[in-house]
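Asker: Numbering (my numbering), first residue to last: -2 to 252.
#1: Tell me where the alpha helix (DSSP H) around residue 167 begins and ends.
#2: Report yes if the C-beta distance between residue 130 and residue 71 is below 9 Å; otherwise report no.
#3: Going by beta carbon distance, what residues of the same chain come within less than 8 Å of residue 21, once the five residues before and after it are set aside?
#4: Can you grab the Cα-Cα spacing for the pair residue 47 / residue 102, in whole Å?
#5: Three or more C-beta pairs closer than 8 Å, one from the segment 188 to 208 and one from the segment 158 to 175: is that the case here?
#6: So residue 116 and residue 127 are in contact, right, with Cβ under 8 Å, and what is the actual spacing, rounded?
#7: Does the beta-carbon of residue 146 have 16 or more other beta-carbons within 10 angstroms, so that it is buried, or is it exposed?
#8: Can you tell me whether residue 24 is buried or exposed? The criterion is at least 16 other CB atoms within 10 Å of its CB, across all chains shown.
#9: Measure from the alpha carbon of residue 38 to the alpha carbon of each residue in 124, 99, 157 and 87, then state which is nearest.
#10: Excluding five sequence neighbours on each side, which residues of the same chain lie with their C-beta closer than 8 Å to the C-beta of residue 79?
#11: In whole angstroms, what separates the C-alpha of residue 206 from that of residue 73?
#12: Output the distance between the C-alpha atoms of residue 90 and residue 109, rounded to the nearest integer angstrom.
#13: Since residue 198 is in the alpha helix (DSSP H), which residue starts that stretch and which ends it?
#14: Within 10 angstroms of the Cβ of residue 178, are there 16 or more other Cβ atoms? Answer buried if so, exposed if not.
#15: Within the same chain, show all residues whose beta-carbon is closer than 7 Å to that of residue 41, passing over the 5 residues directly before and after it, in chain order.
#16: By a C-beta neighbour count over all protein chains shown, 10 Å radius and 16 as the cutoff for buried, is residue 122 buried or exposed?
#17: Residue 169: beta carbon under 8 Å from a heavy atom of the ligand SAM?
#18: For the alpha helix (DSSP H) containing residue 140, name the first residue and the last one.
#19: Residue 95: buried (16+ other C-beta within 10 angstroms of its C-beta) or exposed?
#20: Apply the 10 Å Cβ neighbour rule to residue 93 and answer buried if 16 or more other Cβ atoms are within range, or exposed otherwise.
#21: Could you check which residue in 144, 26 and 137 has the C-alpha nearest to that of residue 194?
#22: Exposed or buried, which one is residue 243 when buried takes at least 16 other CB atoms within 10 Å?
#23: Can you give the Cα-Cα distance for residue 15 and residue 63, rounded to whole angstroms?
#24: Identify the continuous alpha helix (DSSP H) that holds residue 34 and give its terminal residues.
#25: For a test of the three-state rule: what should DSSP assign to residue 244, helix, strand or coil?
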């Protein structure tokens, strides 16, 4: 990865990661092109194992003790990759549980939420580390990534829709701005990300009461593709089933 040097009194490395490009490439090459979250989770686990080993950041042979990754720990860009892929592994594990036939049961849902909380924790750490160790673009992308994870957790929990909305809008604003710069591939990726976030933003507004989404619009959104849309589509399927059951009950009462 490229590295820039900050011209402060104390020379400090500023690492550069094209977060969206890196993750899109990893996701499409390792399962998510076909919605295979289990395969992507296994890839993240294998990649983390290689990173820990190459950085000699293993936990040793004795009793497991988590080694904290702090600002002082980050002496090269691979430490930031370690944190990022830890968030991705937790997120993909949650999405894997989301794909269980007929939806996760109560116990599985608790586990799913726990994985998303863990993804948020790693994403927040990634954002904090990039704010001091990354260049300006990397810091912005990390902030957008953390905002998306926060929005995703709240979206799955069916609560705090206004906070979820703020997080999704914050992430969208970053990608809209970054989409104005860089090469064509970067612009295309950023614009696609903005489009992926739009349905979740509209759904949050609908839940808050700020918009009136029709069933036909929801179905049209459900036909769109992208990992960022999979949680939305899962939520849509559940709500449509509930709506159909309610209609059947009402019809039976009328008859």
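A virtual CB, placed ideally from N, CA and C, is assigned to each residue, including glycine.
Answerer: With the structure as the only source:
#1: 158 to 175
#2: yes
#3: 186
#4: 34 Å
#5: yes
#6: At roughly 16 Å, the Cβ-Cβ gap does not stay under 8 Å, so residue 116 and residue 127 are not in contact.
#7: buried
#8: buried
#9: 87
#10: 45, 48, 49, 52, 54 and 66
#11: 46 Å
#12: 8 Å
#13: 181 to 205
#14: exposed
#15: 82, 85, 86 and 89
#16: buried
#17: Only the bare structure without any ligand can be found here, which leaves the ligand SAM out of the picture.
#18: 133 to 154
#19: buried
#20: buried
#21: 144
#22: Here the model assigns residue 243 a pLDDT of 47, short of 50, so the residue's position is not dependable, and the following value carries that caveat. Exposed.
#23: 28 Å
#24: 34 to 51
#25: Because the pLDDT at residue 244 is just 48, under 50, the model does not fix this residue reliably, and the value given afterwards should be weighed accordingly. Residue 244 falls in the helix class under three-state DSSP.
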